[in-house]
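Trainee:
Protein chains: 2
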Amino acid sequence: MKIDPNSNADLSAQIAKSIRDAIISGDLIVDQRLPSEAELSDQFDVSRPTVREALKRLAAQSLIRTQRGATGGAFVNKLSFEEAYPQQITTSTLLLSMNAVSFETACEARYTLERSCAPLSALRRTADHLATMRAEIHRQSQPGLTDEAFCASDVAFHRALVDGAGNPVLSYQLAGAVEAMQPLMNMITFSARDRAKIIELHTALADALEANNATGVDTALAGLESYTTNLAKSVMEKRKNKA
Amino acid sequence: MKIDPNSNADLSAQIAKSIRDAIISGDLIVDQRLPSEAELSDQFDVSRPTVREALKRLAAQSLIRTQRGATGGAFVNKLSFEEAYPQQITTSTLLLSMNAVSFETACEARYTLERSCAPLSALRRTADHLATMRAEIHRQSQPGLTDEAFCASDVAFHRALVDGAGNPVLSYQLAGAVEAMQPLMNMITFSARDRAKIIELHTALADALEANNATGVDTALAGLESYTTNLAKSVMEKRKNKA
DNA sequence: GCCATTTAAATGCCAGACAATTAAATAACT
DNA sequence: AGTTATTTAATTGTCTGGCATTTAAATGGC
Chain R
29 MKIDPNSNAD
39 LSAQIAKSIR
49 DAIISGDLIV
59 DQRLPSEAEL
69 SDQFDVSRPT
79 VREALKRLAA
89 QSLIRTQRGA
99 TGGAFVNKLS
109 FEEAYPQQIT
119 TSTLLLSMNA
129 VSFETACEAR
139 YTLERSCAPL
149 SALRRTADHL
159 ATMRAEIHRQ
169 SQPGLTDEAF
179 CASDVAFHRA
189 LVDGAGNPVL
199 SYQLAGAVEA
209 MQPLMNMITF
219 SARDRAKIIE
229 LHTALADALE
239 ANNATGVDTA
249 LAGLESYTTN
259 LAKSVMEKRK
269 NKA
Chain L
29 MKIDPNSNAD
39 LSAQIAKSIR
49 DAIISGDLIV
59 DQRLPSEAEL
69 SDQFDVSRPT
79 VREALKRLAA
89 QSLIRTQRGA
99 TGGAFVNKLS
109 FEEAYPQQIT
119 TSTLLLSMNA
129 VSFETACEAR
139 YTLERSCAPL
149 SALRRTADHL
159 ATMRAEIHRQ
169 SQPGLTDEAF
179 CASDVAFHRA
189 LVDGAGNPVL
199 SYQLAGAVEA
209 MQPLMNMITF
219 SARDRAKIIE
229 LHTALADALE
239 ANNATGVDTA
249 LAGLESYTTN
259 LAKSVMEKRK
269 NKA
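Chains as they are written, first to last, in the numbering used here: chain R, 29 to 271; chain L, 29 to 271.
1. Mind the definition here: the stretch 250-259 of chain R touches the stretch 46-62 of chain L only if three or more C-beta pairs lie below 8 Å; say whether that holds.
2. For L:F103, does the three-state DSSP call read helix, strand or coil?
3. Need the endpoints of the beta strand (DSSP E) that R:I92 sits in, please.
4. For L:A112, which residues in chain R fall below 8 Å Cβ to Cβ?
5. Kindly say whether R:A188, judged by its beta-carbon, lies nearer than 7 Å to any beta-carbon of chain L.
6. What are the boundary residues of the alpha helix (DSSP H) that R:N269 is part of?
7. What are the boundary residues of the alpha helix (DSSP H) that L:D59 is part of?
8. From L:L237, L:N240, L:V206, pick the residue whose C-alpha is nearest to that of L:F131; which is it?
9. Going by DSSP, what residue range makes up the alpha helix (DSSP H) through L:F185?
10. Whose C-alpha, out of R:A203, R:T154, R:A234, is nearest the C-alpha of R:A112?
11. Taking the alpha helix (DSSP H) that L:A41 belongs to, which residues open and close that run?
12. Give the secondary structure of R:N214 by DSSP, where H, G and I count as helix, E and B as strand, and everything else as coil.
13. Step through the CB atoms of chain R and report whether any lies within less than 7 Å of the CB of L:Q71.
14. Is the Cβ of L:L141 closer than 7 Å to any Cβ of chain R?
15. Could you check the C-alpha separation between R:L151 and L:E142 for me, to the nearest Å?
16. Thinking just about the alpha-carbon of each residue, which of R:E228, R:A224, R:S144 is nearest to the one in R:A242?
17. If you draw a straight line from the alpha carbon of R:P114 to that of R:A184, how long is it in whole angstroms?
18. If we count the other Cβ atoms within 10 Å of its Cβ and call it buried at 16 or more, is R:Q95 buried or exposed?
19. Just the C-alpha distance for L:R76 and L:A66, rounded to the nearest angstrom, thanks.
20. For R:S144 and chain L, any beta-carbon pair shorter than 7 Å?
21. Can you give me the C-alpha to C-alpha distance between L:A260 and L:D222, rounded to a whole angstrom?
22. Less than 7 Å between CB atoms is the rule here; does L:Q60 satisfy it with respect to chain R?
23. Taking the alpha-carbon positions, what's the L:V197 to L:L62 distance?
24. Between which two residues does the alpha helix (DSSP H) harbouring L:R162 extend?
25. Roughly how many whole angstroms lie between the Cα atoms of R:A239 and L:A37?
26. Expressed to the nearest angstrom, what Euclidean distance is found between the alpha-carbon atoms of L:F178 and L:Q168?
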């Protein structure tokens, strides 16, 4: 393997790309051991620190894992949904906060995606999913709950709804949209009356889901979306007037 | 800043996490310059190579960019949708290939998400989106087209549909679902008759979109999903019989 | 005042070394 | 023979120190 030292990209970036491509193309398969750092240095004709930088890049994307010791080394990592979740959420969160995405746009995306899961979830949700949702509703009605905890519970509730569709790909894609909204939601402080309204809609949603009533679920979600949007609008309005 | 040398995690991973948290929390803002590698070495009380490994981890996630020269250094990167797309697609592709996700499951997720965009797109699509879709349909009907090119055009067509919803967050989330399907779609070689059928459905979809007919778009998408699923099923069946 | 040169600061890269970890090979002991 | 303790070898983790390269700003010459 050879690397172009005249490219404008870092050597470590080129090496990382080379290995990444090998993983994506299937030349390197899951759990396969990569050559040792010393061997990679020879193959790519670079120093060990440079190889290490390349490997760290791959590790940051969970594409490899490393093990020390005699039989250690870098191994192609089986990328699991569990591992991919946090990265997806981090990226989505930063995208929202760094690109001045309006609350409305983010909210629309989130509820659009979530409503698409509703029919499947109404069909396939297990008792487990329902139990989780009921438990979260109960938590949300506790008086002493902080706004952060309320929002976290809200996220857990909606994730149970999405997971109810029984499609891991769908759950993964939705995770980013739902979780990344949390910081934005936290900016809206909920009054007791607002919470009661949200809990009421959550209950309606759970009831419809329990009855396998897809239309009911969709209606409840639409209600949540418009209520949330209006709430945000009024909060923003108040803040603007104060300032 | 101090790092725990007795943790089981690598120093570079801990440092990367520390800086990443600072970015997420807003302590470090976009375009802000991080301390130089030498300064970071001092602050975290580690060597420069270790700091560099940490920075490469962050660079792999597009959280920072580096610049050489007198006024150079590492800067907090404004994560753009354009930058996040490829990562999202790589991750989604690997998740599908490494986790034995069935074609059916992936296909269901993809069309479920895409159908959720249909109403918005029927409402908001511009002439530009329509033109792209018509152009891709035209390309798809060229006789000499390879299967790969046909699939690539298919992806472009569907991305135009999604982009028509005019919501960047939605487009981003959908990119992974749509693009990650391409390698799976490539495994199904399309006969001329299959292509004609797909083009027919694409045309119906574009027509409905042009008429702002949300229901028509949804019907066409549902048709595409069932046709694709059945096609895949029969292809798999044939392969099993051969073997 | 403008252009060429120098300088300084920073990242990019390398060589060599040592520490820590781990599994396997070996030796010692029962 | 079998089990346990020790040694050994391979590998990653980390450090030191250095040089090359790039870039913008400071300096100097015209």
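A virtual CB, placed ideally from N, CA and C, is assigned to each residue, including glycine.
Mentor: Reading off the structure:
1. The stretch 250-259 of chain R vs the stretch 46-62 of chain L: no contact.
2. strand
3. 92-95
4. T119, L123
5. Among the CB atoms of chain L, none fall inside 7 Å of the CB of R:A188.
6. 242-270
7. L:D59 -> no alpha helix (DSSP H), and no H or E assigned at all.
8. L:V206
9. Run containing L:F185: 175-191, per the alpha helix (DSSP H) assignment.
10. R:A203
11. 39-53
12. helix
13. no
14. yes
15. Spanning the two alpha carbons is a distance of roughly 19 Å.
16. R:S144
17. 15 Å
18. exposed
19. 6 Å
20. Interface residue, yes.
21. 11 Å
22. no
23. Their backbone Cα atoms lie some 29 Å apart in a straight line.
24. Per DSSP, the unbroken alpha helix (DSSP H) holding L:R162 starts and ends at 155-168.
25. C-alpha separation (whole angstroms): 47 Å.
26. 6 Å
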